[in-house]
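Quick note, the sequences are listed as chains Z and G, same order. Residue 792 in the working numbering sits at position 251 of the first sequence; the count goes up by one each step and never skips. Residue 433 in the working numbering sits at position 190 of the second sequence; the count goes up by one each step and never skips. Every residue gets a Cβ at the ideal spot worked out from N, C-alpha and C, and that includes glycine. I have placed the structure first, in the form of structure tokens, so that the comments after it can refer back to it.
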Amino acid sequence: MIAVVSRLALVKAGMHLWLSMYKHNKAALAAFLARPYLVLLFVSALGAGQNLVAWALLSILITSAVDSLWDIAGGAITQRLLGVLTYASLAPHRMAEILLLTYLPRYFIETLVKFAELAPLMVAGGATPAQLAAALALSLLGALPLASLGMLVASLTLLAREDAPWIDWTIPLLLVASGAIYPVAALPQLVKAVSAALPTTYLFSMAEALATNSSADWQLLLTAFLATASAWLTASLLASERIESSVFRRGGHL
Amino acid sequence: MLAVQVLDLRKRYVSFRRRGLFSREKVVVEALKGVTFDARKAEVLGILGPNGAGKSTLVKILATVLLPDSGTARILGHDIVEERREVRRLIGVMLSVERGFFLKLTGRENLKYFGMLYGLSGSALEKRVQEVLREVGLLKNADKPFEEYSLGMKARLGIARALLNDPEVLILDEPTLGLDPVSARRVRALIRSLAKEGGKTVLITTHNMFEAEIVCDRVAILSDGRIAAIDTVEDLKRKVADTVFLEVRVSCEHESSILQALRSVYSSVTCRREGPASRILIPVKVNEYEHTLSELLETLRRSKLKLRGIAVREPTLEDAFVKIVGER
């Protein structure tokens, strides 16, 4: 119980941090509000998805997927450069927990705002209330498993003491391999194998099926999504625990 | 019980230097080579050392943000590796004056964030943030963004964060680095009062000998990864008390002629410029002092150059430091 309460304190700290950050950083707020529309233009220009609902939903999921990776892994680098990470690591929690749990409120707040921004377009595109509710659920939870990957990348980046963020090229590759830009069927065999191991592949398939009202094996997609997401989360938590010990030995977070 | 006990602490850094496309060379730097010392309760212990002596590595290990390779360190009886969480409840840390806060957030918001991370919440958090802001004299500027703070204010905010959990041991890495004299004096007074009125043990690293003299109860001199000496400032000075310094002040234009004349007689003459004047120091053994002084006056009289002054100077902590570090 005490452990849950103290972890909840990290979520609250994250809430305080990000609300304060947006309060003082109007330019970042404006960029954040404009981004879903820019991604929507990009997605529609690429021809990914078949209608307005699909474009809107894909835009939310792509930005959320990018954010959950970038905000944790990139956030770790930024906090190290600011010198904040040293003091955050003094909290009585593992560093990976601090990075993940302080980020959660930002993820939920931003996803809700993105959904609110694009929901009118989905309604205009003919989305039913049930579709909207399902889209909201997918948006809120769908890209979250990538946060665990972000945690892993963050730990590795700190271990390597590299400021060049690997995520810059990890994210586009991940989106392509997940079928966010091109259908998985059109990808080379090797990439297809990677696709099968990514939770985002099933997330984008569900989004596509939801937006186009097409028939899909929802149970299979959901099971595959949950299985890969759990596997990534478990692997990331286990790996980052070991990596973190090396980081503290080398001082990679300082 | 001692506040801090360090026994044979060792740390080395391993890195690789690229040599060509496919080969790399292992580079090992031994930062700490067996550091042993202790600090008492409510004591200000200064850790002095030249650049690269291992001061920052030592404080990072004691602050539990860096793991040692071997040796032990205990804070109020708790092992810094095995009981890291408990140690973190007992210590407050400031490792940099300039960095360590979110730039866009105000001082108060930053403190609230770290307070929450350290387990404070609700009205207790609000109250504690207010208390530490008052303690460091930042209440008036608490709601300004960190990026608008002066260096002195940043240093005080760093100390405020270190005080959030009301720690028994404070670990401060060069807390006055880069501060103007007024701000530095304010920070020093704060450190002193935290130890003497607040009963906190303070470990402070510094390059500033003056600061060490007026703030620290004892000073540990770290050189080449080892503690070369640890004692009160007065006792460290006594270690070089067999030497006094004859100080000759001349205008800069006469500096080279006088130096030439003196160096022909004395082997270890040093010279330092201070504005339009130069200060020439000649170390002299106490028992040879009278003879050397008359010899010096005669040498200067023969040179017929104009002097600005001549004085006898007692050894300072800097002299002790140079002697101890130089001996190793």
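Note down the Cα distance separating Ser-689/Z from Tyr-578/Z, rounded to an integer number of angstroms. Along the first sequence, one-based indexing puts residue 689/Z at 148. Along the first sequence, one-based indexing puts residue 578/Z at 37. One C-alpha to the other measures close to 27 Å.
Inter-residue spacing [alpha-carbon to alpha-carbon] between Ala-637/Z and Val-336/G: As a working note, residue 637/Z is residue 96 in the first sequence. As a working note, residue 336/G is residue 93 in the second sequence. Roughly 21 Å between the two C-alpha positions.
Please tell me whether Ser-494/G and Lys-566/G are closer than 8 Å, where the distance is taken between their beta carbons. Position 251 of the second sequence holds residue 494/G. Position 323 of the second sequence holds residue 566/G. Going by C-beta atoms, Ser-494/G is not nearer than 8 Å to Lys-566/G.
Looking at the C-beta of Glu-490/G, does it have a partner C-beta in chain Z at a distance below 8 Å? Here residue 490/G is taken as the residue at index 247 of the second sequence, counted from 1. Closer than 8 Å: no.
Where does the unbroken beta strand (DSSP E) through Val-445/G begin, and where does it stop? The count along the second sequence starts at 1 and reaches residue 445/G at position 202. Looking at the DSSP string, the run of the beta strand (DSSP E) that includes Val-445/G is 444–449.
Between Arg-431/G and Ile-457/G, how many whole angstroms is the CB-CB distance? I'm expecting something under 8 Å. Taking the second sequence and counting its residues from 1, one reaches residue 431/G at position 188. Taking the second sequence and counting its residues from 1, one reaches residue 457/G at position 214. Contact annotation, Arg-431/G with Ile-457/G: C-beta distance approximately 7 Å; criterion of less than 8 Å satisfied.
At least one CB of chain G closer than 8 Å to the CB of Thr-698/Z: is that the case? Here the question's residue 698/Z lines up with position 157 in the first sequence. Cβ-Cβ to chain G under 8 Å: no for Thr-698/Z.
Beta-carbon separation (whole angstroms), Leu-407/G vs Gly-365/G, contact threshold 8 Å: Position 164 of the second sequence, counting from 1, holds the residue named residue 407/G. Position 122 of the second sequence, counting from 1, holds the residue named residue 365/G. The Cβ separation is near 15 Å, so there is no contact.
For Pro-740/Z, does the count of other Cβ atoms within 10 angstroms reach 16, so buried, or fall short, so exposed? Residue numbering aside, residue 740/Z sits at position 199 when the first sequence is read from its first letter. Under this definition Pro-740/Z is a buried residue.
Is it the case that the Cβ atoms of Ala-472/G and Phe-280/G are separated by a distance below 8 Å? What you label residue 472/G is simply residue 229 of the second sequence in a count that begins at 1. What you label residue 280/G is simply residue 37 of the second sequence in a count that begins at 1. Taking 8 Å as the Cβ cut-off, Ala-472/G and Phe-280/G do not qualify as a contacting pair.
Going by DSSP in three states, Arg-342/G sits in which element: helix, strand or coil? Start at 1 with the first residue of the second sequence, and residue 342/G comes out as number 99. Looking at Arg-342/G - three-state DSSP - the assignment turns out to be coil, as it is neither helix nor strand.
Please list the terminal residues of the continuous alpha helix (DSSP H) segment that includes Thr-652/Z. Along the first sequence, one-based indexing puts residue 652/Z at 111. For Thr-652/Z, the enclosing alpha helix (DSSP H) covers residues 636–665.
The region 551–567 of chain G / the region 482–489 of chain G touching (three or more Cβ pairs under 8 Å): Yes, they touch.
Assuming Val-445/G and Ile-318/G form a contact by the criterion Cβ under 8 Å, report the distance between their Cβ atoms to the nearest whole angstrom. If you number the second sequence from 1, residue 445/G lands on position 202. If you number the second sequence from 1, residue 318/G lands on position 75. So it is not a contact: roughly 13 Å between Cβ atoms.
Once the 5 residues before and after Tyr-361/G are set aside, which same chain residues still bring their CB inside 7 Å of it? Sequence index remark: in the second sequence, residue 361/G carries index 118 (1-based). Leu-407, Asn-408, listed in sequence order.
Check the DSSP bridge columns for Arg-516/G and list the partner residues they point to. On the second sequence, position 273 is the one that residue 516/G refers to. Ser-521/G, per the DSSP bridge assignment.
Are Leu-682/Z and Ala-748/Z touching if we call contact CB-CB under 8 Å? Position 141 of the first sequence, counted from the start, is the residue given in the question as residue 682/Z. Position 207 of the first sequence, counted from the start, is the residue given in the question as residue 748/Z. Not a contact, by the Cβ cut-off of 8 Å.
Give me the Cα-Cα distance between Ala-765/Z and Ser-771/Z, rounded to the nearest whole angstrom. Within the first sequence, numbered from 1, the residue matching residue 765/Z stands at position 224. Within the first sequence, numbered from 1, the residue matching residue 771/Z stands at position 230. Distance between the alpha carbons of Ala-765/Z and Ser-771/Z: 10 Å.
When DSSP builds the beta bridges, which residues end up paired with Ile-473/G? The residue labelled residue 473/G in the question sits at position 230 within the second sequence. DSSP lists Ala-463/G as partners of Ile-473/G.
Inter-residue spacing [alpha-carbon to alpha-carbon] between Met-562/Z and Arg-428/G: To locate residue 562/Z, count along the first sequence from 1; it is residue 21. To locate residue 428/G, count along the second sequence from 1; it is residue 185. One alpha carbon belongs to Met-562/Z, the other to Arg-428/G, and they sit about 33 Å apart.
Going by beta-carbon coordinates alone, are Leu-489/G and Val-527/G separated by less than 8 Å? Sequence index remark: in the second sequence, residue 489/G carries index 246 (1-based). Sequence index remark: in the second sequence, residue 527/G carries index 284 (1-based). Yes. Within cutoff.
In the DSSP output, what is Ala-554/G paired with across the bridge? Residue 554/G sits at position 311 when you count from the first residue of the second sequence. Beta-bridge annotation (DSSP): Ala-554/G is paired with Glu-490/G.
Could you pull the DSSP bridge partners for Asp-237/G from this structure? Residue coverage of chain G in this structure runs from 244 to 571, which leaves residue 237/G outside it and unanswerable.
Run through DSSP, which three-state label would Gln-248/G get? As a first step, residue 248/G is located in the second sequence; it is residue number 5 there, counting from the start. Residue state, collapsed to three classes: strand.
Alpha carbon to alpha carbon, what distance is there between Ala-520/G and Phe-564/G? As a working mapping, residue 564/G is identified with position 321 in the second sequence. As a working mapping, residue 520/G is identified with position 277 in the second sequence. Distance from the CA atom of Phe-564/G to the CA atom of Ala-520/G, rounded to whole angstroms, is 25 Å.
So the alpha helix (DSSP H) Phe-357/G belongs to, where does it begin and stop? Translated into the one-based positions of the second sequence, residue 357/G becomes position 114. From DSSP, the alpha helix (DSSP H) with Phe-357/G extends over 350–360.
Please work out which residues of its chain come closer than 6 Å, Cβ to Cβ, to Glu-329/G, disregarding the five sequence neighbours upstream and downstream, and give them in chain order. On the second sequence, residue 329/G is found 86 positions in, with the first residue counted as 1. So the qualifying residues of the chain are His-321.
Note down, in chain order, every chain Z residue with its Cβ under 9 Å from the Cβ of Met-244/G. On the second sequence, residue 244/G is found 1 positions in, with the first residue counted as 1. In chain order: nothing, as chain Z lies at least about 22 Å away.
Establish whether the CB of Leu-631/Z and some CB of chain G are separated by less than 8 Å. Locating residue 631/Z in the first sequence gives position 90, where the first residue counts as 1. True, the Cβ-Cβ gap to chain G drops below 8 Å.
Chain-ordered chain G contacts of Val-725/Z [CB-CB under 8 Å]: As a working note, residue 725/Z is residue 184 in the first sequence. Listed along chain G is no residue with a C-beta nearer than 8 Å to that of Val-725/Z; the closest approach is about 37 Å.
Every unbroken beta strand (DSSP E) within the region 246–318 of chain G, with a cutoff of 3 residues, ordered by chain: Unbroken beta strand (DSSP E) runs of no fewer than 3 residues, entirely contained in the region 246–318 of chain G, are found at 247–262, 266–282, 287–291, 313–318, following chain order.
Residue closest to Arg-783/Z, alpha-carbon to alpha-carbon, out of Gln-672/Z, Leu-693/Z, Tyr-644/Z: Working through the first sequence from its first residue, we reach residue 783/Z at position 242. Cα-wise, what sits closest to Arg-783/Z is Leu-693/Z.
Can you tell me whether Val-412/G is helix, strand or coil according to DSSP? Position 169 of the second sequence, counting from 1, holds the residue named residue 412/G. Val-412/G falls in the strand class under three-state DSSP.
Rounding to the nearest angstrom, what Cα-Cα distance links Lys-655/Z and Leu-587/Z in this structure? Here residue 655/Z refers to the residue found at position 114 of the first sequence. Here residue 587/Z refers to the residue found at position 46 of the first sequence. Going by the C-alpha atoms only, they are around 20 Å apart.
Val-508/G by DSSP, collapsed to three states: which one? Working through the second sequence from its first residue, we reach residue 508/G at position 265. Note: Val-508/G maps to coil in three-state DSSP.
Compare the Cα-Cα distances from Leu-536/G to each of Cys-514/G, Tyr-509/G, Leu-354/G and report the closest residue. Taking the second sequence and counting its residues from 1, the one referred to as residue 536/G is at position 293. Considering only alpha carbons, the answer is Tyr-509/G.
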